[in-house]
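Asker: In mature numbering (1 follows the signal peptide of the UniProt record, and there is no 0), the protein residues as written are -18 to -1, 1 to 415.
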């Protein structure tokens, strides 16, 4: 019996060693990328599932990777932003998560609260490439001690001010970008320009006061939580200043009450229903697609008092993935500087890799839709000004009541202070649950 047991053990060991040498890089993939299977060059077919929200422009690049790595098959699932993240939250808790998941910055800290749900990409060589990315994106992608890398940065959303030259001219405001930047360099100056716009043309300055709130908030070094996770929304003077400013725009009739992503939004851009669009780089494509008749009527200037950031995401590998090495190999290729530059050219996603900001393709990139403005150079400078911010896992729980309060002020004439207090009370109740 003892001999039979030893023989059985030897057989099991031999089988295991053979399996390890066969190139199978399932859940036991090595940290160096998993060898031939991981780089997609072995004969073994590996199927990866990839969840993304719509509009990333990554699909053609995934197709190219599969052509170059014929044994890698990628099944992409796309949903709208909210549905995508809600589905991912459920899958991470209940099971069924994909091999690769796109996570937008607003959700990143929520997922970072539980390292057990993700593979640490440092185990697969992520530290070797993190120097390619903006410092503030590296901070967002990693644990506080920088030892756990949750995801690799995709694009970034540095902000610039798109303005209608026809409406600015009618209002007696400058239309040359350099002069616009000089005259509207502060938020106080922006308010004065908005009043001139309303008085001279009857048109509001912005689509909705919420867009201004998000930009001013995005210029802060702290939002709703401090780095220790303590709620500071009510005591943060910057947040209250951003709220009061947005509410003042509404009370003065300087916002158009046009909800972003509504059909009226694109029509408003097209028809000149408002004069300024606060726009990250990725919105250029949206404006072209939804406001084609306004081509040449827009120009671009830097945002008052800095840049701010709207959006930007990360590709992560959930712990359920049985092929983390292959998943990371795909992510590494997709988000390398070369592919990010190509994606900027095709989809206007602004790269998170600053080494290519001086590339002529960016520095010399102009757009006739925006009156030939050097948008590449403008957004490159804006991206360098962004500072890292701790969002916190409960970011959306806090942000939603505040934006709802501003909506109530804007659309229904709610009292700003009363709505602010309601929002603070709701936030405290929701966080106690």
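Here a beta-carbon is modelled for each residue, glycine too, at the ideal position from N, C-alpha and C.
These figures come from a predicted structure and were not determined experimentally.
For the beta strand (DSSP E) holding residue 297, just list the boundary residues, first then last.
Answerer: From DSSP, the beta strand (DSSP E) with residue 297 extends over 291 to 298.
Asker: DSSP three-state call for residue 10: helix, strand or coil?
Answerer: Residue confidence for residue 10 is low, a pLDDT of 34 falling below 50, so the modelled location carries little weight; the figure read from the coordinates is stated next. Three-state DSSP puts residue 10 in coil, outside helix and strand.
Asker: Determine the contact status of residue 159 and residue 283, defining contact as a CB-CB distance below 7 Å.
Answerer: Yes, these two residues count as a Cβ contact at 7 Å.
Asker: Should the segment 46 to 57 be regarded as contacting the segment 332 to 344, the criterion being three or more beta carbon pairs within less than 8 Å?
Answerer: No, the segment 46 to 57 is not in contact with the segment 332 to 344.
Asker: Note the first and the last residue of the continuous alpha helix (DSSP H) segment covering residue 253.
Answerer: Segment 245 to 253, the alpha helix (DSSP H) holding residue 253.
Asker: Quick check: the Cα distance between residue 275 and residue 248, rounded to an integer number of angstroms?
Answerer: Near 11 Å, if we compare the C-alpha coordinates of residue 248 and residue 275.
Asker: Pick from 86, 259, 380: whose alpha carbon is nearest that of residue 145?
Answerer: Selected option, being the one with the closest Cα: 259.
Asker: Restricting to Cα atoms, I'd like to know which of 178, 36, 79, 207 is closest to residue 413.
Answerer: Considering only alpha carbons, the answer is 207.
Asker: For residue 51 and chain C, any beta-carbon pair shorter than 7 Å?
Answerer: Among the protein chains of the structure shown there is no chain C, as only one such chain exists.
Asker: So, are the CB atoms of residue 94 and residue 43 less than 7 Å apart?
Answerer: No, they are not a contact pair.
Asker: Do residue 181 and residue 278 have their C-beta atoms closer together than 7 Å?
Answerer: Contact: no.
Asker: Flag this pair as touching only if the segment 362 to 375 and the segment 299 to 306 have three or more C-beta atom pairs under 8 Å; answer yes or no.
Answerer: Judged by Cβ distances under 8 Å, the segment 362 to 375 makes no contact with the segment 299 to 306, as fewer than three pairs qualify.
Asker: List the whole-angstrom C-beta distance separating residue 313 from residue 326, where the pair is believed to meet the contact cut-off of C-beta under 8 Å.
Answerer: Actually they are not in contact, since the Cβ atoms of residue 313 and residue 326 sit about 18 Å apart, beyond 8 Å.
Asker: Take every Cβ of the segment 393 to 406, pair it with every Cβ of the segment 219 to 236, and state whether three or more of those distances are shorter than 8 Å.
Answerer: They touch, by the three-pair rule.
Asker: One question on the structure: do residue 244 and residue 186 come within less than 7 Å of each other, judged by their Cβ atoms?
Answerer: Going by C-beta atoms, residue 244 is not nearer than 7 Å to residue 186.
Asker: Counting C-beta neighbours from all protein chains within 10 Å, is the total for residue 136 16 or more, i.e. buried, or is it exposed?
Answerer: Residue 136 is buried by the Cβ-count criterion.
Asker: Please report the distance separating the alpha-carbon of residue 128 from that of residue 112.
Answerer: Their Cα atoms are separated by approximately 11 Å.
Asker: Suppose the cutoff is 7 Å on Cβ atoms and the five residues either side in sequence are ignored; what does the same chain contact list for residue 246 look like?
Answerer: Contacts found: 240.
Asker: Have a look at the DSSP bridge pairing and note the partners of residue 141.
Answerer: Its beta-bridge partners are 262.
Asker: Which residues share a DSSP beta bridge with residue 355?
Answerer: BP columns for residue 355 point to 349.
Asker: Counting only the same chain and skipping the five closest in sequence on each side, list residues whose C-beta sits under 6 Å from that of residue 359.
Answerer: Excluding sequence neighbours, residue 359 sits near 345.
Asker: Give the single residue among 311, 391, 356, 124 whose Cα lies nearest to the Cα of residue 106.
Answerer: Per the Cα distances, 311.
Asker: Here's a check: name, in chain order, each residue in its chain whose Cβ is nearer than 8 Å to the Cβ of residue 147, leaving out the five neighbours to either side.
Answerer: Only 157, 279, 280, 281, 353 meet the Cβ criterion.
Asker: What separation, rounded to the nearest whole angstrom, lies between the Cα atoms of residue 331 and residue 265?
Answerer: For residue 331 and residue 265, the distance between alpha carbons rounds to 9 Å.
Asker: Determine whether the beta carbon atoms of residue 229 and residue 380 lie at a separation below 7 Å.
Answerer: Going by C-beta atoms, residue 229 is not nearer than 7 Å to residue 380.
Asker: From residue 130 to residue 123, what distance separates their C-alpha atoms?
Answerer: When rounded, the distance between both Cα atoms is 9 Å.
Asker: Under three-state DSSP, which class holds residue 384?
Answerer: Helix at residue 384.
Asker: Apart from the five residues just before and just after residue 163, which ones in its own chain have a Cβ nearer than 7 Å to its Cβ?
Answerer: Only 283, 284 meet the Cβ criterion.
Asker: For residue 416 and residue 77, what's the separation of their Cα atoms in angstroms?
Answerer: One cannot answer for residue 416 here, as it falls past the ends of the chain, which runs -18 to 415.
Asker: For residue 342, count neighbouring C-beta atoms within 10 Å of its own C-beta (all shown protein chains included) and say buried if the count is 16 or more, exposed if not.
Answerer: With fewer than 16 other Cβ atoms within 10 Å, it is exposed.
Asker: Take residue -6 and list the residues in its own chain whose beta-carbon comes closer than 6 Å to its own, dropping the five residues that flank it on each side.
Answerer: A caution first: residue -6 carries a pLDDT of 37, below 50, which makes its placement in the model unreliable, though a value can still be read off. Cβ within range, chain order: n/a, list empty.
Asker: From which residue to which residue does the beta strand (DSSP E) around residue 281 run?
Answerer: Unbroken beta strand (DSSP E) run through residue 281: 280 to 284.
Asker: Give every residue of the same chain whose Cβ lies closer than 8 Å to the Cβ of residue 324, excluding the five residues on either side of it in the sequence, and list them in chain order.
Answerer: If we look at residue 324 and ignore the five residues flanking it on each side, its Cβ neighbours are 43.
Asker: Determine the closest residue to residue 318 out of 190, 398, 201, 115, with distance taken between C-alpha atoms.
Answerer: When each option's Cα is compared against that of residue 318, the closest is 115.
Asker: Would the beta-carbon of residue 88 fall within 7 Å of that of residue 262?
Answerer: Against a cut-off of 7 Å, the Cβ pair of residue 262 and residue 88 comes out as no contact.
Asker: Tell me whether residue 27 is buried or exposed, calling it buried when 16 or more other Cβ atoms sit within 10 Å of its Cβ.
Answerer: Classification for residue 27: exposed.
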